[in-house]
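In this note's numbering, the protein residues as written are 10 to 856.
Virtual Cβ for every residue (Gly too), placed ideally from N, Cα, C.
This report refers to the structure that appears directly beneath it.
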């Protein structure tokens, strides 16, 4: 290695560790003794030596003396004293295999050990040079030397590896610089440089990396698959063979990208994460299926090794994978049958576990880890007490079943239990005894079925049956009760016509009518709950109608409760009965008010919910679709879970006696369900309650007929011919008198057959008012027969109750009007006038 020459004028004389100093001193002393001996010889010879010769010798001796004085002053040699003796620290530095150089921060050399002096001999044989000069002729080292010099000036520590190419191969040098504390030779701050030849170490390191790469290459292309997973089930390493089998690109794989559950079929991931007991390493053979990237199964045999630390945490697993999809040799036929059985064992949906005599788990299949919540790997499966995995109420029955299994009874009753967790699961466990034999410690086999979904369906079915029974009862009562109320309200109206407000009987009649109206309201709630009311749906702009209700809602909730209304952008239309939807919102707002006796806030929100968002909700029964969400939120007292389960049941109320019927939320539930929507409550005690209503989005059709707008009618008189068909005599009598009073010609019939006879005798009429539910021939059947003769006849159906098929027909037939029972004198007259006026308008347009 050659470098540029050094400018010696810029450096002071360095202190270099070299043995030539003491040798030079002894040579000077010997020369002095020689001169002294010559001088003594001259003195003994006397006059025999010429005086000129003596003077010449004395002059020469003087010159040598002067030279020695100058050499001593210049430091070419010196006399060794006690403090000049070689110290232990200097001996250690001189014996270092690396070159050491001490300079100040400006680069002036203060000390160099023997090894460093040897490194610089090729550049300067008289004095060492600095490290920058040492590598000055090597362009490859310039950047590293610059960083080292800068660090030396700033007093920082730094290490650089410098590669210097050569004809016989590259050489590597490790150069470091660090600051030193002050010492006598360097009153200013000093730094120490070290230069070490690390060529052999680098070659060894490179050889190690080459061998490591070969080992990885051997593992990657081994005829068996291999993977490793961490305690969270994330794949940390997968070899090329297994990646090819599963269809993954190894070049794109990064540690932690894949989850164990993505490549292991079914519940096998939980089985692999089970591990052994705390502080043990467990190696086992497992036959199951892996999942290729395209979703197909790959039958494999796993040699699985899992270590569980003393603290219980699962360490990284190591798993060797053998492909069992290829054919087996004849001598392995028996083993292949065992493999097939093991695959079936782990792929079955039934959890299976072998238990010892104490009820502890000996071995399990893959579904066992999922059903009993052991997929996280937080605790080992082997040795777990089976009783600790179920609720306390079931442990006694499980213990009895295990006792019977140990006694090898042939018939053991199944045990129904609950597996605790964030989402508790219902399981049914079947237990059978095992005949003792060999070294096996198995005493019983447990089979567990996940019954959660079935239990939920059973509860829903039982609830539905109960609600249906109550609904049928409510519908039947409502039909007869509405007939009675229609007569009471109607005849009260007829009496009020004959009595002036000043009449003493006027107030009594009004009280009768008001009580009947209250009873009618209860019947409507019963019909709404039982979903047997007849709706007249229309396309609604929900935000607009809620805004129209705001004034009424503010009056209902009072001054102590604030109302906030928020609408999303471009809310979709829905198809619903406007009156019933308003009743739902009013009812929820009033309930929210009652839940905030000290005041609070009610928030009404509307927005769109797209199908993708609906699919993320965990609401029971709601199918993914486009919905309009109506949310009613309060800051009231909230409800505990036991109350939440019953709020939609009829006659259930948390209010004081006499302050609620218990039908409000039942009515709300019935209306929403009959409209095709869903309602879900969420509540927390002390924080408030939120009701979320999801109504199906309505997509208008271009050919859809526009909804007919009802116009108020002032003149209720008329002279048209009207046929009333009603099997309830009191209702028929009131209706006939109400219409006759206003000028109409009225015909009566108590059944459908009689109505056809009346039409045959009297001829065509302008309007038929018919009850829906009648014996022998109901209203819709009568309408079908009449339209065979008079296809354009106008019809008003009246009813307090209608079956589902009839209600659906009335909702779809826009040519038929509907008047619900009970109705008043003004209501029947207004409806008749509205229908007949509409018929006259249509006739005028046709002409």
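| task | Out of 557, 582, 529, 567, state which residue places its alpha-carbon closest to the alpha-carbon of residue 548. | result | Walking along the chain shown from the start, residue 548 turns up at place 539. Proximity to residue 548 across 557, 582, 529, 567 peaks at 582, based on C-alpha coordinates.
| query | Expressed to the nearest angstrom, what Euclidean distance is found between the alpha-carbon atoms of residue 500 and residue 743? | reply | Within the chain shown, the letter at position 491 stands for residue 500. Within the chain shown, the letter at position 734 stands for residue 743. Spanning the two alpha carbons is a distance of roughly 6 Å.
| said: Relative to the C-alpha of residue 45, which candidate in 726, 69, 61 has its C-alpha closest? | reply: What you label residue 45 is simply residue 36 of the chain shown in a count that begins at 1. When each option's Cα is compared against that of residue 45, the closest is 69.
| request: Report the three-state DSSP secondary structure of residue 684 (helix, strand or coil). | output: Looking up residue 684 in the chain shown gives position 675. Helix.
| From the DSSP output, which residues share a beta bridge with residue 369? | Indexing the chain shown from 1 puts residue 369 at position 360. Per DSSP, 394.
| said: If contacts are defined as beta-carbon pairs under 8 Å, then residue 566 and residue 558 qualify, I think. What distance do you get, rounded to the angstrom? | reply: Translated into positions along the chain shown, residue 566 becomes position 557. Translated into positions along the chain shown, residue 558 becomes position 549. So it is not a contact: roughly 12 Å between Cβ atoms.
| said: Which same chain residues end up closer than 6 Å to residue 691 when comparing Cβ atoms and leaving out the 5 residues on each side of it in sequence? | reply: Within the chain shown, residue 691 is the residue found at index 682, counting from 1. Only 699 meet the Cβ criterion.
| task | Enumerate in chain order the residues of its own chain whose CB-to-CB distance from residue 693 is below 8 Å, with the five nearest sequence positions on each side excluded. | result | The residue you call residue 693 lines up with position 684 of the chain shown. Counting only Cβ-Cβ distances below 8 Å, and skipping sequence neighbours, we find 647.
| task | Between the Cα of residue 331 and those of 359, 564, 213, 251, spot the shortest distance and give me the residue it belongs to. | result | As a working mapping, residue 331 is identified with position 322 in the chain shown. Selected option, being the one with the closest Cα: 251.
| task | Give the secondary structure of residue 301 by DSSP, where H, G and I count as helix, E and B as strand, and everything else as coil. | result | Within the chain shown, the letter at position 292 stands for residue 301. Of the three classes helix, strand and coil, the one that applies to residue 301 here is coil, per DSSP.
| message | What would DSSP say about residue 53, mapped onto helix, strand or coil? | response | Here residue 53 corresponds to residue number 44 of the chain shown, with the count starting at 1. The DSSP-derived three-state label of residue 53 is helix.
| Integer-rounded CB distance, given that residue 638 should sit under 8 Å from residue 555 | Mapped onto the chain shown, residue 555 falls at position 546. Mapped onto the chain shown, residue 638 falls at position 629. The C-beta distance from residue 555 to residue 638 rounds to 12 Å, too long to meet the 8 Å contact threshold.
| Apart from the five residues just before and just after residue 833, which ones in its own chain have a Cβ nearer than 6 Å to its Cβ? | Locating residue 833 in the chain shown gives position 824, counting from the first residue. Answer for residue 833: 498, 502, listed in chain order.
| said: Using a Cβ-Cβ cutoff of less than 7 Å, which residues in the same chain neighbour residue 464 once the five nearest sequence positions on both sides are dropped? | reply: Residue numbering aside, residue 464 sits at position 455 when the chain shown is read from its first letter. Setting aside the 5 residues that flank it on each side, residue 464 is surrounded in the same chain by 435, each with a C-beta closer than 7 Å to its C-beta; the list follows chain order.
| task | Assign residue 838 to buried or exposed, taking buried as 16 or more other Cβ atoms, counted over all protein chains shown, within 10 Å of its Cβ. | result | Stepping through the chain shown from its first residue, residue 838 is reached at position 829. Under this definition residue 838 is a buried residue.
| task | Could you check what DSSP says for residue 441 in three-state terms: helix, strand or coil? | result | Along the chain shown, one-based indexing puts residue 441 at 432. Residue 441: strand per DSSP, three-state reduction.
| said: Here's a check: name, in chain order, each residue in its chain whose Cβ is nearer than 8 Å to the Cβ of residue 90, leaving out the five neighbours to either side. | reply: For the purposes of this step, residue 90 is identified with residue 81 of the chain shown, where counting begins at 1. For residue 90, the predicted structure reports a pLDDT of 44, less than 50, and the residue's modelled location is therefore unreliable. A value from the coordinates is still provided. Excluding positions up to five away in sequence, the list is empty.
| said: Suppose the cutoff is 7 Å on Cβ atoms and the five residues either side in sequence are ignored; what does the same chain contact list for residue 172 look like? | reply: As a working note, residue 172 is residue 163 in the chain shown. Excluding sequence neighbours, residue 172 sits near 149, 179, 181.
| said: So residue 329 and residue 235 are supposed to be a Cβ contact under 8 Å. How far apart are they, rounded? | reply: If you number the chain shown from 1, residue 329 lands on position 320. If you number the chain shown from 1, residue 235 lands on position 226. Contact flag correct, Cβ pair sits at about 6 Å.
| Taking 8 Å as the line, does the beta carbon of residue 380 fall inside it for any heavy atom of the ligand NAD? | This structure lacks the ligand NAD, and indeed carries no ligand of any kind.
| query | Quick one, are the C-beta atoms of residue 378 and residue 361 less than 9 Å apart? | reply | Translated into the one-based positions of the chain shown, residue 378 becomes position 369. Translated into the one-based positions of the chain shown, residue 361 becomes position 352. No, they are not a contact pair.
| request: Whole angstroms is fine: what's the gap from residue 696's alpha carbon to residue 599's? | output: Within the chain shown, numbered from 1, the residue matching residue 696 stands at position 687. Within the chain shown, numbered from 1, the residue matching residue 599 stands at position 590. So the two alpha carbons sit approximately 18 Å from each other.
| From which residue to which residue does the alpha helix (DSSP H) around residue 596 run? | On the chain shown, position 587 is the one that residue 596 refers to. Looking at the DSSP string, the run of the alpha helix (DSSP H) that includes residue 596 is 587-603.
| request: Return the CA-CA distance between residue 730 and residue 490, expressed in angstroms with no decimal places. | output: In the chain shown, counting from the first residue as 1, residue 730 sits at position 721. In the chain shown, counting from the first residue as 1, residue 490 sits at position 481. Roughly 29 Å separates the two Cα atoms.
| query | By how many angstroms is the C-alpha of residue 316 removed from the C-alpha of residue 6? | reply | This structure gives no information on residue 6, because the portion of the chain shown stretches from 10 to 856.
| So, helix, strand or coil for residue 761, using DSSP? | As a working note, residue 761 is residue 752 in the chain shown. Residue 761 falls in the helix class under three-state DSSP.
| task | Pick out whichever of 392, 210, 454, 245 has its Cα sitting closest to the Cα of residue 410. | result | Indexing the chain shown from 1 puts residue 410 at position 401. For residue 410, the closest of 392, 210, 454, 245 by C-alpha to C-alpha distance is 454.
| message | Using 8 Å for Cβ pairs, my map puts residue 802 next to residue 777. What's the rounded Cβ distance? | response | Reading the chain shown from its first residue, position 793 is the one you call residue 802. Reading the chain shown from its first residue, position 768 is the one you call residue 777. About 6 Å; that satisfies the 8 Å criterion.
| message | Can you tell me whether residue 753 is buried or exposed? The criterion is at least 16 other CB atoms within 10 Å of its CB, across all chains shown. | response | As a first step, residue 753 is located in the chain shown; it is residue number 744 there, counting from the start. With 16 or more other Cβ atoms from the protein chains shown falling within 10 Å of its own Cβ, residue 753 counts as buried.
| Are residue 380 and residue 428 close, meaning C-beta to C-beta below 9 Å? | Stepping through the chain shown from its first residue, residue 380 is reached at position 371. Stepping through the chain shown from its first residue, residue 428 is reached at position 419. A contact, by the Cβ cut-off of 9 Å.
| query | Residue range of the alpha helix (DSSP H) that residue 409 falls in? | reply | Your numbering for residue 409 matches position 400 in the chain shown. First-last of the alpha helix (DSSP H) with residue 409: 401-415.
| request: Give the range of the alpha helix (DSSP H) segment to which residue 795 is assigned. | output: For this step, residue 795 is matched to residue 786 along the chain shown. Residue range 788-798 is occupied by the alpha helix (DSSP H) that includes residue 795.
| field | Straight-line Cα distance separating residue 240 from residue 327 | value | The sequence position of residue 327 within the chain shown is 318, counting from 1. The sequence position of residue 240 within the chain shown is 231, counting from 1. Computed Cα separation, rounded: 12 Å.
| request: Kindly identify the DSSP beta-bridge partner or partners of residue 4. | output: The structure shown does not extend to residue 4, since the chain is modelled only from 10 to 856, so the question has no answer here.
| message | So, at 6 Å on beta carbons, what are the nonlocal neighbours of residue 188 in its own chain, with the 5 sequence-adjacent residues on each side left out? | response | As a working mapping, residue 188 is identified with position 179 in the chain shown. Only 164, 200 meet the Cβ criterion.
| message | Please report whether the beta-carbon of residue 486 lies at a distance below 9 Å from any beta-carbon of chain C. | response | Annotation note: the requested chain C is absent from the structure, which comprises a single protein chain.
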